[in-house]
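See below for the structure under consideration.
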Amino acid sequence: MEELRISLDAKICEHGRFVHMSDARLAGMESEMHLLQEECQLTKQEFDKLLEKATEPDILNFTLRTSTLDLEGKGSSLLCEYQKLFEASALSKTLISDLKQQNIEQKMEMKSLFDQVSTLRNGMFKLLKALDIVPNHACQDRKDQIHLEHIFHRVEVAKESFYKTEEENHHVSNFPGRTLMRTSLGALSVIN
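For the sequence shown, the numbering used here gives the first residue as 506, with consecutive numbering after it.
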């Protein structure tokens, strides 16, 4: 769970950096686009002035159109790139939202697992107390492995005692004198 949380945090951080870089690039492109638009306007104004003064209006007109088309092409290119960055930013925001939702779900799952572990620990401590393995205050020291070993030892001892008692009962029930005694008791009860 910890590895998932660290991985998720790293992805969110990396995505945040990407969004920040995208926003910075987007702002730079917007600034560059404004500068190019201003430059285009200034160039157009200069060409207009030159065109008025020019003796060869056709040459100036051609130059002006070429420059204007160049600037419009650059503006269109910047606009396309801006649109792509905007879409990437929207996608990044969606991804961040999804990652946050996953993070919330993982935190809820971790809390559920923690609650289950707490319930199991409480049950184990009740079992320890019921078996008189440890006193009440010793359950708070959180030495779960030691307590589990005590439980397993007690269970093994009880199991061995059970098998031993069962074996003794089996030997007693198969004792030949017992059958003779049953027959004698049966005969006495018939006589009475």
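Ideal placement from N, C-alpha and C gives every residue a C-beta, glycine not left out.
Counting C-beta neighbours from all protein chains within 10 Å, is the total for residue i 16 or more, i.e. buried, or is it exposed?
i, result
"residue 555", "exposed"
"residue 630", "buried"
"residue 658", "exposed"
"residue 507", "exposed"
"residue 652", "buried"
"residue 633", "buried"
"residue 697", "Reliability fails at residue 697, whose pLDDT of 49 lies under 50, so the model's placement of it is uncertain and no value is given."
With the cut-off set at 8 Å, would you say residue i and residue j are in Cβ contact?
i, j, result
"residue 578", "residue 542", "no"
"residue 569", "residue 534", "no"
"residue 548", "residue 572", "yes"
"residue 597", "residue 524", "yes"
Work out the CA separation of residue j and residue i for me, nearest whole Å.
i, j, result
"residue 616", "residue 513", "17 Å"
"residue 609", "residue 602", "11 Å"
"residue 530", "residue 511", "28 Å"
"residue 619", "residue 676", "50 Å"
"residue 626", "residue 662", "23 Å"
"residue 545", "residue 552", "10 Å"
Would you mind working out which of the options sits nearest residue i, comparing C-alpha positions?
i, options, result
"residue 509", "649, 602, 612", "612"
"residue 587", "638, 539, 551", "539"
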